[in-house]
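Report on the structure given below.
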Amino acid sequence: MEEEKRRGVVLVPCPFQGHINPMLQLGTTLHSMGFSITVAHTQFNYPDPSKHPDFIFIPIQDALTDTNTLSGNLIPFIKTLNINCEVPLQECLAQMMDQNQDQHGKVVCIIYDTLMYFSEAVANHLKLPSIVLRTSDAYSSLAYRSVLRLQAEGRSVPSIIQAIPPCIADSVLQDLVPGLHPLRFKDLPLSNFGPLENLLQLVTIISNIRTSSAIIWNTMDYLECPSLTQLQQQYKVPLFSVGPLHKISPASSSSLLEEDANCISWLDKQALNSVIYVSLGSLASLDEAALTEMAWGLANSNQPFLWVVRPGSIRGSEWIELLPETFKAKFGDTGYIVKWAPQGKVLAHGAVGGFWSHCGWNSTLESICEGVPMICWPCFGDQKVNARYLSCEWRIGLELEHMERGNIERAVRRLMVDKEGEEMRQRAMDLKEKAEVCIRKGGSSYNSLNDLKEIILSF
Numbered sequence: 000m001e002e003e004k005r006r007g008v009v010l011v012p013c014p015f016q017g018h019i020n021p022m023l024q025l026g027t028t029l030h031s032m033g034f035s036i037t038v039a040h041t042q043f044n045y046p047d048p049s050k051h052p053d054f055i056f057i058p059i060q061d062a063l064t065d066t067n068t069l070s071g072n073l074i075p076f077i078k079t080l081n082i083n084c085e086v087p088l089q090e091c092l093a094q095m096m097d098q099n100q101d102q103h104g105k106v107v108c109i110i111y112d113t114l115m116y117f118s119e120a121v122a123n124h125l126k127l128p129s130i131v132l133r134t135s136d137a138y139s140s141l142a143y144r145s146v147l148r149l150q151a152e153g154r155s156v157p158s159i160i161q162a163i164p165p166c167i168a169d170s171v172l173q174d175l176v177p178g179l180h181p182l183r184f185k186d187l188p189l190s191n192f193g194p195l196e197n198l199l200q201l202v203t204i205i206s207n208i209r210t211s212s213a214i215i216w217n218t219m220d221y222l223e224c225p226s227l228t229q230l231q232q233q234y235k236v237p238l239f240s241v242g243p244l245h246k247i248s249p250a251s252s253s254s255l256l257e258e259d260a261n262c263i264s265w266l267d268k269q270a271l272n273s274v275i276y277v278s279l280g281s282l283a284s285l286d287e288a289a290l291t292e293m294a295w296g297l298a299n300s301n302q303p304f305l306w307v308v309r310p311g312s313i314r315g316s317e318w319i320e321l322l323p324e325t326f327k328a329k330f331g332d333t334g335y336i337v338k339w340a341p342q343g344k345v346l347a348h349g350a351v352g353g354f355w356s357h358c359g360w361n362s363t364l365e366s367i368c369e370g371v372p373m374i375c376w377p378c379f380g381d382q383k384v385n386a387r388y389l390s391c392e393w394r395i396g397l398e399l400e401h402m403e404r405g406n407i408e409r410a411v412r413r414l415m416v417d418k419e420g421e422e423m424r425q426r427a428m429d430l431k432e433k434a435e436v437c438i439r440k441g442g443s444s445y446n447s448l449n450d451l452k453e454i455i456l457s458f
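This is the structure we're talking about:
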């Protein structure tokens, strides 16, 4: 243990909520194994170090402007981060390594989020091994790689989807992607990122791990074994499936928003499996029309609901000012609206019987690990892939095709009241039990974490 404590690992998270959480959870796990943890984080969305007293935090000068942070355009933002942060990170780590390393431990490797790919060049300059952390699922990585393959083969169907006349677009989008069952073209993680060329450039970069020594996945073998096997053959470096990290390291909250704990007291007063929990994540936004349809769909379902409406997530509104007054009067004590919720505690609560989600990978894992079936409303990126697997492969999710109050009401009642929902709840509980086996001694994730520890010790 004393030998291991002299070894330091530097973590470089991507500064979005869904990326920060698994990276810091991984750091907590590695720290429990005896490693010293340094978190190199951008000034943008800088976490509260007091919530993680065992870590050393160093800020990376990111030189971001308000134009960068407020544009809402993800790919140019990621590109700017990778341009601006390389030299500052290199200088910070070089200085840290030159100084007395009793506090930091002898730095032996850098683990970086796949979107912070500049870290690999920094590692090479400092003659340090590097490891990639993928915070999304393995199926999505295959989907991105398949888009590149289709382009290379001249079968660039995804690139012409935008030009398909609306009258035939639906039929084309429903076609299965060759070699990617059960994904349809509409499930590919292509939209909401601007021009396809920009996305393909980013995918090309993050699909090539270059000189990195291994890849860590926040997933479980039993969920994604076929994809992990394919990726192992393609990458030819060790892959460590170590999820679900939030269960292995239930550390203090890494939330960038203040969590409203009062909702737990409200849940305590509700019947078993009666509440539908609604949260569309930390990035998605809605317009007033969608907000109104959500509100009336929930109210008309006559089911208790806990609804997260993130401040600023409704275009043209600071919070819920645009909700119809008649809706507010109708739901009364049946519903509870908060700005942000302690999601892990909410999903683990016995009153929660369903989760209407954007299907981000963290939310998907958290729902599976608590045995809670889902209504799927993916917004962008890998969320579409996750929604398809939840509904078609694992059969614990309902796809919501249109944000219309009648559809919403029917989906909520199917999930919360009908026999179909009860059968989905049972399948979700089966997946929960398998997740618990993964992290026990001898389980696949437990063994994979030990293998990861050994490779870091070998550096």
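Going by numbering that gives the first Met the number 0, the first residue of the sequence shown is number 0, and it counts up by one from there. Note that beta-carbon positions come from the ideal geometry of N, C-alpha and C, so glycine has one too.
Taking its Cβ as the centre, do 16 or more other Cβ atoms sit within 10 Å of residue i, making it buried, or is it exposed?
i: A162; result: For A162, the pLDDT reaches just 41, beneath the cut-off of 50, and the residue's location in the model is therefore unreliable, although a value from the coordinates is still provided. It is exposed - the Cβ of A162 has fewer than 16 other Cβ atoms within 10 Å.
i: K246; result: buried
i: P52; result: exposed
i: R387; result: buried
i: D112; result: buried
i: P12; result: buried
i: A203; result: Here residue 203 turns out to be Thr, not Ala, going by the sequence shown. Burial call: exposed.
i: G396; result: buried
i: S457; result: exposed
i: Q98; result: exposed
i: G280; result: buried
i: P225; result: exposed
i: K105; result: exposed
i: P243; result: buried
i: Q200; result: exposed
i: D65; result: exposed
i: H18; result: buried
Helix, strand or coil for residue i? Go by DSSP, reduced to three states.
i: A62; result: coil
i: I455; result: helix
i: K329; result: helix
i: K338; result: coil
i: R409; result: helix
i: S444; result: helix
i: Q16; result: helix
i: D186; result: helix
i: V146; result: helix
i: G315; result: coil
i: I130; result: strand
i: D220; result: helix
i: K105; result: strand
i: Y111; result: strand
i: I438; result: helix
i: A288; result: helix
i: Y276; result: strand
i: L305; result: strand
i: L175; result: strand
Out of the options, which one is the CA nearest neighbour of residue i?
i: V86; options: G334, Q173, Q60, L147; result: Q60
i: K50; options: E119, E152, E257, S135; result: E257
i: Q302; options: V351, L322, W360, G380; result: V351
i: L266; options: L305, A288, P58; result: L305
i: L285; options: S226, S316, L456; result: S316
i: L172; options: L179, K185, G178; result: K185
i: M96; options: T37, A120, L73; result: T37
i: A270; options: L199, G353, K418; result: G353
i: N385; options: N123, V436, L141, V274; result: L141
i: I109; options: V131, C91, Q94; result: V131
i: M219; options: L448, Y335, V146; result: L448
i: E422; options: S278, L222, G370; result: G370
Can a CB atom of chain B be found closer than 8 Å to the CB of residue i?
i: N81; result: In the structure shown, chain B cannot be found, because there is only a single protein chain.
Fully enclosed by the stretch 234-263, which alpha helix (DSSP H) runs are 4 residues long or longer? Residue ranges of uninterrupted alpha helix (DSSP H) with 4 or more members, entirely inside the stretch 234-263 and ordered along the chain, are 244-247.
At a cut of 8 Å, does the stretch 374-383 reach the stretch 424-434 through at least three beta carbon pairs? Verdict: no, contact absent.
Which ranges does the beta strand (DSSP E) cover as unbroken runs of at least 3 residues, wholly within the stretch 350-431, from first to last along the chain? With a minimum length of 3 residues, the continuous beta strand (DSSP E) runs that stay inside the stretch 350-431 are 351-356, 373-375, 396-398.
On the three-pair Cβ rule with 8 Å, is the stretch 291-299 touching the stretch 399-411? Touching, per the Cβ criterion.
Decide yes or no for the touch test of the stretch 78-85 against the stretch 114-122: beta carbon pairs closer than 8 Å, at least 3 of them. The stretch 78-85 makes contact with the stretch 114-122: 3 or more CB pairs, one atom from each, lie closer than 8 Å.
Could you pull out every unbroken beta strand (DSSP E) segment of at least 3 residues lying fully inside the stretch 6-50, listed in chain order? Fully contained in the stretch 6-50 are the following beta strand (DSSP E) runs of length 3 or more, in chain order: 6-11, 35-41.
Any 3 or more C-beta pairs closer than 8 Å across the stretch 429-444 and the stretch 326-338: Proximity of the stretch 429-444 to the stretch 326-338 falls short of the contact definition, fewer than three beta-carbon pairs being nearer than 8 Å.
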